[in-house]
Amino acid sequence: MTDNNDNLNSTDKTRRRRTPRRDGKGSNAAANASLDNQAVIAQTDEFAEKEGGVKLLGNRRIIGFMKIEIPMMVISAILVIASLIAITTKGLNLGLDFTGGISADVAYSQPVEQAQVASALSDKGFNDAIVQYLGTRQELLIRLPPQENKDPEGLSTALSVALNLPNNPAKVDNVNIIGSQVGKEVYTQSLMALGLALILMMVYISIRFQFKLAVGATLALFHDVIVVCGLFAMFGWPFDLTVLASVLALIGYSVNDTIVVYDRIRENFRRVRGLLPRQIIDLSLTETLRRTCMTSGTVFVVVLALLFLGGDGLFWFALAQFIGTIAGTYSSIYVASSVPLRMGLSREDFVVRIKPEFEEEVVVFADPKLQNTHD
């Protein structure tokens, strides 16, 4: 009996474990972590307001960009309406590239100042001259509006006399007279280029992402272009081909920033569960905020350098780029993202559905031998 009891006690001891077989490490910890993440994803707006933002996936905070969506869209609407009124009533102060005029290349034997050359031209009756350096301070580009009572054949001689400075003679080359008809054609083609760029951007985003996002991106680009042109019309700043080039560059910059945000929105709609579309957009904007700040900051450094150190030839280009960078960064957040949200953007817009022709057919084999066996 004693031996049997000892055997039973030893069996009980071997079966009992003072500690669990698994201590929570390894695969169990990964499973628990995934469950915790799912629980955090499903947090409510009430908890988010108490914590100052939704905590998601590792206690990361989400900035509530869409909380001030309506005030920001009202500001955008006011800016666009004011810009359209300024463009319609006052019009753009078109430069010589659009209105026509005179351009000439001038070379001096010694370096000169732009203001000195412009003053010499004004003294000889050539008013409203635009003087730009061409690489060095001895080579300049002179642009003049159409001059009345000036003989086109003797224009080169008249400019040479007007541009000669004391102990610093000037050599005038490549005198070109641009007619008003040519300027109107350039203006019309520029508007067509802007419109075509917006249409192609919309087509690209529709194919690459989704139509609702394409509408938001196109309205954001329209917002940026109108705001820049409206400010130039409102303050009477000269609008020439360099400013137009800045506006076209702005379209490329703004759509690039918007594409980055859209890519993250699409990714989060597919991988994150339990959040509202507004929270998904807030999450996407928060995750791309650092990249947006770094890109915009780098652009601002270059633009400010051009604005203060680039001279008169690049001043208006840099100013348009400076305004456009601010407008483009703002529109990527509150125009390009708000419009699709108002159009009912949801996870269903990004779910890849299998086409009927690619669905697999279920084939059932009926073996008569097996049926006879069951019978």
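For the sequence shown, counting from 1, position 176 maps to 176 in full-length UniProt numbering; every step adds exactly one. Note that CB positions come from ideal geometry on N, CA and C, so glycine has one too.
If you draw a 10 Å sphere on the C-beta of Q279, you find 16 or more other C-beta atoms in it, and that means buried. Linking P111 to Q138 through their CA atoms gives a straight-line distance of about 5 angstroms. Residue environment analysis places K212 among the buried positions, since at least 16 neighbouring C-beta atoms fall within 10 angstroms of its C-beta.
Secondary-structure assignment with DSSP links E139 through a beta bridge to A107. F209 is a Cβ neighbour of Y262, given a cutoff of 8 angstroms.
Counting only the Cα atoms, W316 lies some 14 angstroms from A249. S332 and S338 have their alpha carbons spaced roughly 9 angstroms apart. D123 carries a helical assignment under DSSP once its states are collapsed to helix, strand and coil. With contacts defined as CB atoms closer than 8 angstroms, A86 and V175 fail to qualify as a contacting pair. With contacts defined by Cβ atoms closer than 8 angstroms, V117 and L159 do not form a contacting pair. Straight-line measurement puts the Cα of T89 at about 34 angstroms from the Cα of L309. Rounded to the nearest angstrom, the gap between the Cα atoms of D312 and T136 is 14 angstroms. Around the beta carbon of R271, fewer than 16 other beta carbons lie within 10 angstroms, which makes this residue exposed. Inclusion of V335 and L219 in the CB contact set at 8 angstroms is warranted, their separation being smaller than that value. Using a 10 angstroms sphere on the CB of S119, the tally of other CB atoms stays under 16, which defines it as exposed. In the three-state DSSP reduction, K90 falls in the coil class, being neither helix nor strand. Here the C-alpha atom of G100 lies approximately 20 angstroms from the C-alpha atom of C229. Only buried fits N268, as 16 or more other CB atoms lie within 10 angstroms of its CB. A contact is defined here as three or more CB-CB pairs under 8 angstroms, and the stretch 243-257 meets this definition with respect to the stretch 190-201.
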